[in-house]
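Structure record follows, encoded as structure tokens.
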Amino acid sequence: MIPAYLVLAGLLACMGAAWVEVLYRQNADILSFPKEVEAQNRYRWLRLMAALAIFFPFWEMASSLPLLLSDMALVCFLLLVICTDFEQQVIFDRMLAPFGFLAFARIFLLRLPPSDYLVAAAAGGAFFFFLAWVSKGGIGGGDIKLMFVLGLWFGTIHLFRILCAGMILGGLAAACLLLFGGKGRKDRFAYGPYFAIAAMADALLL
């Protein structure tokens, strides 16, 4: 089972890394650090494979095949979001669109109450739109769309926990960068990864 899983993790990691590389090439004009793309592309597949391997014990405990596939899809997409936002401070629409489509498929296949998930998506997106307006660009459009999609995946109660945990993690990281990382208050900061980390923790640990 473990060798087969590692083969699958390696395949998914290579596919994900290649997809990110294509997105970078096709959207070079919106990248924050275009000169670093070549170095970032080099070992991304290895980082993704290592990250996927960490989740193996959790997926072994999945109670059903649909739930297992749902969790795997969720983690794969969130890892790619973490990659692109940390590397280039961008979350691609072409990445979030299939992520959202899979959320709708999950609601249908697992027979979940659609109203709760739609309300969560609308509330999460609206809240982050408000934060983007208040922060005058501190929160980007990709973060707004990410919260909308996470609402479709998690529903109201879980999304609230993700929001709280993500804001705490992001706030601590931002404070550390301000104090020790040479960042200024006007420097751009990637918040998406911390909400993605909170979402993975909520899905697999709670």
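The sequence shown maps to residues 331 to 536 in the working numbering.
Note that CB positions come from ideal geometry on N, CA and C, so glycine has one too.
Do you know whose CA, among the options, lies nearest residue i's CA?
i	options	result
Tyr-447	Phe-386, Ala-433, Leu-376	Ala-433
Met-379	Ile-469, Ile-360, Gly-346, Ala-495	Gly-346
Phe-416	Ala-533, Gly-500, Ala-529, Asp-532	Gly-500
Ala-503	His-488, Gly-522, Asp-532	Gly-522
Arg-518	Val-420, Phe-478, Phe-510	Val-420
Phe-459	Gln-418, Val-449, Gly-470	Gly-470
Pro-428	Ile-487, Lys-475, Asn-371	Lys-475
Glu-368	Val-352, Leu-480, Ala-383	Val-352
Leu-342	Ala-505, Leu-399, Ser-394	Leu-399
Leu-382	Gly-340, Ile-492, Gly-467	Gly-340
Phe-457	Phe-438, Leu-489, Phe-431, Cys-406	Leu-489
Leu-493	Ala-531, Gly-468, Tyr-354, Gly-467	Ala-531
Phe-407	Ile-360, Asp-423, Pro-443	Asp-423
Leu-442	Arg-355, Pro-396, Ile-360, Asp-473	Pro-396
Ala-453	Gly-467, Leu-376, Gly-468, Val-479	Val-479
Asn-371	Leu-426, Gln-418, Ile-498, Gly-467	Gln-418
Under 7 Å Cβ to Cβ from residue i, same chain only, skipping five residues before and after it: list those, please.
i	result
Gly-496	Tyr-524, Phe-525, Ala-528
Val-464	none
Val-350	Arg-374, Leu-410, Cys-413, Thr-414
Phe-388	Leu-534
Met-402	Trp-389
Ala-274	Residue 274 is absent from the structure shown; the chain starts at 331 and stops at 536.
Ile-360	Val-420
The alpha helix (DSSP H) with residue i in it runs from where to where?
i	result
Arg-436	423–439
Gly-400	Reading off the sequence, residue 400 comes out as Ser, not Gly. Per DSSP, Ser-400 belongs to the alpha helix (DSSP H) from 395–418.
Arg-491	471–510
Leu-442	That residue, Leu-442, is in no alpha helix (DSSP H); it is neither H nor E in DSSP.
Gly-468	Premise fails: Gly-468 is in no alpha helix (DSSP H) and is neither H nor E.
Tyr-524	522–535
Going by other Cβ atoms of all chains shown within 10 Å of its Cβ, with 16 needed for buried, is residue i buried or exposed?
i	result
Leu-440	exposed
Leu-338	exposed
Phe-363	exposed
Ala-435	exposed
Cys-506	exposed
Ala-348	exposed
Phe-510	exposed
Ala-520	buried
What residues in its chain sit with their C-beta under 6 Å from that of residue i, if we drop five residues either side in the sequence?
i	result
Gly-485	Asp-446, Tyr-447, Ala-450
Gly-385	It is worth fixing the name first, because residue 385 is Phe in this sequence and not Gly. So the list reads Val-405, once near-sequence residues are dropped.
Tyr-354	Val-367
Leu-461	Ile-469
Given residue i, which residues of its chain have a CB within under 8 Å of its CB, disregarding the five upstream and five downstream residues?
i	result
Leu-482	Gly-430, Ala-433, Phe-434, Ile-437, Tyr-447, Leu-448, Ala-450, Ala-451
Restricting to runs no shorter than 4 residues, where is the alpha helix (DSSP H) found entirely within the segment 354–382?
Within the segment 354–382, the complete alpha helix (DSSP H) runs of at least 4 residues fall at 367–372.
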